[in-house]
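Trainee: Residue numbers (our numbering): 4 to 360.
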Amino acid sequence: MIALGILLALVLLLVVFGLLFRLQILTSIFSGSYVRQIGLSNRVNAILMLVFLVVGMAAFAYSFIDSFDKMNPPIASVHGLHTERLFWTTMIIIGIVFVLTQVALFVYSYKYQYREGRRAFFYSHNNKIEVIWTVIPAIVMSGLIFGGWKEWTNIMGPAPKEAVELEVMGKQFNFLVRYPGRDNKLGRINFRLIDAGNDFGFDLNDQKALDDFTTTEIHIPKGVPVLMHIRSRDVLHAVYAPHFRVQMYAVPGMPTKFWFIPTKSTDEMRAQTGNPNFNYEIACNQICGKSHYAMKATIIVDEPDDYVAWYSQQKSFAEQNPDILAAFKNKKTPVIEEVPAATSAAPAATEKAQAAL
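(1) Indicate the three-state DSSP secondary structure (helix, strand or coil) for residue 216 in the structure shown.
(2) Helix or strand or just coil, what does DSSP make of residue 263?
(3) Excluding the 5 residues preceding and the 5 following residue 183 in the sequence, name in chain order all residues of the same chain whose CB lies nearer than 7 Å to its CB.
(4) By alpha-carbon positions, which one of 181, 225 and 224 ends up nearest to residue 234?
(5) Are the segment 45-54 and the segment 94-112 in contact at 8 Å, needing three or more beta carbon pairs?
(6) Determine which residues share a DSSP beta bridge with residue 250 and list them.
(7) Given a cut-off of 8 Å, decide if residue 269 and residue 221 are closer than it, judged by their beta-carbon atoms.
(8) Are the CB atoms of residue 207 and residue 327 nearer to each other than 8 Å?
(9) Based on DSSP bridge pairs, tell me the residues matched to residue 205.
(10) State the start and end residues of the unbroken alpha helix (DSSP H) segment that holds residue 173.
(11) With respect to the alpha helix (DSSP H) encompassing residue 290, which residues constitute its N-terminal and C-terminal limits?
(12) Considering just the uninterrupted stretch of the alpha helix (DSSP H) at residue 145, what are its terminal residues?
(13) Put residue 198 into one of helix, strand or coil per three-state DSSP.
(14) When the distance is taken between beta carbons, is residue 239 closer than 8 Å to residue 227?
(15) Would you kindly report the start and end of the unbroken beta strand (DSSP E) that includes residue 221?
(16) What first and last residue would you give for the beta strand (DSSP E) that runs through residue 78?
(17) Output yes if chain B places a C-beta closer than 8 Å to the C-beta of residue 172; else output no.
(18) So, are the CB atoms of residue 82 and residue 158 less than 8 Å apart?
(19) Assuming residue 78 and residue 248 are in contact, meaning their beta carbons sit under 8 Å apart, how far apart are those beta carbons, in whole angstroms?
(20) Provide the residue span of the beta strand (DSSP E) that contains residue 272, from first to last.
(21) Report buried or exposed for residue 98, applying the criterion of at least 16 other Cβ atoms within 10 angstroms of its Cβ.
(22) Taking the C-alpha atoms as reference points, what is the distance between residue 147 and residue 85?
(23) Quick one: using the 10 Å Cβ neighbour count with 16 as the cut-off for buried, is residue 12 buried or exposed?
(24) How about residue 224 and residue 279: are their beta carbons less than 8 Å apart?
(25) Helix, strand or coil for residue 300? Go by DSSP, reduced to three states.
(26) For residue 119, which of helix, strand or coil comes out of DSSP?
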């Protein structure tokens, strides 16, 4: 806030100076001395441009250093380290180019300011220079794009066979979470079955859906790949988990996915941050309506044995809603929408949990 206040004061000061110089120019025009005053005006403006460069760079550096920890929460996933390295590599390269070009811009503006008797030199082109400043950026940008593409294809490719699977559905204004039961396969859902008692739209005519269960918070095991199936049931949302460097849109009618490997349990992160109330969370960072600000869900990263214990205690949606199950048995429901069945083998943690059920 202090840096912002200083910056605003400097901007206002520059505006005042600008208005005064405009007033001076108008006065000199009416008095007939405008030609003689233009040199002084240019010198003052050239000096102010250098002042703006130095003050602006200093304000940016102060703001960046002061907010660095807030902008960069601790990393708690394997791919997060790779993503972070790629991000800062890109930022360093772009930052160096930005500083060099801005310094050149303002210094050249000062060096080549108007002076009486100086004539501009016409420099049409230089093939060698044009090749250099075309080829070098092309090579650098190609390298950055290739690195980003490689990381993207890795996290968006098939998840490992041992991955724990779950589904996150965004809706105004909360997240719904469901897990496959002991068969390790997500059952069908039908958007026409969504009502007050069946938020997900479970189609309990599907045998694979009978053991699926829902939770109010996400539990995942540390050190095990986690595959999130993501969808939306109304408008555009996003699943954003900053500590895992996870972000994926939840698009109506277009299921998406994301897999990652958590590396720090919730208890470990609480110890690292010194905050006993710390919790991982996912948040919607796409403005989705009037209560968008409150659209969050808690993620608990358990040790594998704790995850097994939690998983084994969960009751299926059908078991918790016998009246809905009875309604399905009495009346068949047409299949409208289907979630692809998981084809991978159950992870070791899930297998233990299923054995405990």
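Note that beta-carbon positions come from the ideal geometry of N, C-alpha and C, so glycine has one too.
Quick caveat, the model's predicted, so the values are computed rather than measured.
Mentor: With the structure as the only source:
(1) Sequence index remark: in the sequence shown, residue 216 carries index 213 (1-based). In this structure, residue 216 counts as strand in the three-state DSSP scheme.
(2) Translated into the one-based positions of the sequence shown, residue 263 becomes position 260. Residue state, collapsed to three classes: strand.
(3) Stepping through the sequence shown from its first residue, residue 183 is reached at position 180. 168, 189, 215 and 345.
(4) Counted from its first residue, the sequence shown places residue 234 at position 231. When only C-alpha atoms are compared, the closest one is 181.
(5) Short answer: they touch.
(6) One-based indexing of the sequence shown puts residue 250 at position 247. Looking at the DSSP assignment, residue 250 forms a beta bridge with 243.
(7) The residue given as residue 221 occupies position 218 in the sequence shown. The residue given as residue 269 occupies position 266 in the sequence shown. Against a cut-off of 8 Å, the Cβ pair of residue 269 and residue 221 comes out as no contact.
(8) Taking the first residue of the sequence shown as position 1, residue 207 is located at position 204. Taking the first residue of the sequence shown as position 1, residue 327 is located at position 324. It is a contact, given that the beta carbons lie within the stated cut-off.
(9) As a position in the sequence shown, residue 205 is number 202, starting the count at 1. DSSP, once it has assigned bridges, lists 192 as partnering residue 205.
(10) Reading the sequence shown from its first residue, position 170 is the one you call residue 173. Careful: residue 173 lies outside any alpha helix (DSSP H), inside the beta strand (DSSP E) at 167-174.
(11) What you label residue 290 is simply residue 287 of the sequence shown in a count that begins at 1. For residue 290, there is no enclosing alpha helix (DSSP H), as DSSP gives it neither H nor E.
(12) If you number the sequence shown from 1, residue 145 lands on position 142. First-last of the alpha helix (DSSP H) with residue 145: 130-159.
(13) If you number the sequence shown from 1, residue 198 lands on position 195. If DSSP states are grouped into helix, strand and coil, residue 198 belongs with the strands.
(14) If you number the sequence shown from 1, residue 227 lands on position 224. If you number the sequence shown from 1, residue 239 lands on position 236. Cβ distance not < 8 Å, so residue 227 and residue 239 don't count as in contact.
(15) Within the sequence shown, numbered from 1, the residue matching residue 221 stands at position 218. Element bounds for residue 221: 221-224.
(16) Within the sequence shown, numbered from 1, the residue matching residue 78 stands at position 75. First-last for residue 78: undefined, no H or E at that position.
(17) This model lacks chain B altogether; it includes just one protein chain.
(18) Looking up residue 82 in the sequence shown gives position 79. Looking up residue 158 in the sequence shown gives position 155. Against a cut-off of 8 Å, the Cβ pair of residue 158 and residue 82 comes out as a contact.
(19) Position 75 of the sequence shown, counted from the first residue, corresponds to residue 78. Position 245 of the sequence shown, counted from the first residue, corresponds to residue 248. The C-beta distance from residue 78 to residue 248 rounds to 7 Å, short enough to fall under 8 Å.
(20) Indexing the sequence shown from 1 puts residue 272 at position 269. Under the DSSP assignment, residue 272 falls outside any beta strand (DSSP E), being part of the alpha helix (DSSP H) whose first and last residues are 269-276.
(21) On the sequence shown, position 95 is the one that residue 98 refers to. That one is exposed.
(22) Taking the sequence shown and counting its residues from 1, the one referred to as residue 147 is at position 144. Taking the sequence shown and counting its residues from 1, the one referred to as residue 85 is at position 82. For residue 147 and residue 85, the distance between alpha carbons rounds to 13 Å.
(23) Here the question's residue 12 lines up with position 9 in the sequence shown. Taking all protein chains shown into account, residue 12 has fewer than 16 neighbouring C-beta atoms within 10 Å of its C-beta and is therefore exposed.
(24) The sequence position of residue 224 within the sequence shown is 221, counting from 1. The sequence position of residue 279 within the sequence shown is 276, counting from 1. No. Outside cutoff.
(25) Position 297 of the sequence shown, counted from the first residue, corresponds to residue 300. In this structure, residue 300 counts as strand in the three-state DSSP scheme.
(26) On the sequence shown, position 116 is the one that residue 119 refers to. Here residue 119 sits in coil by DSSP.
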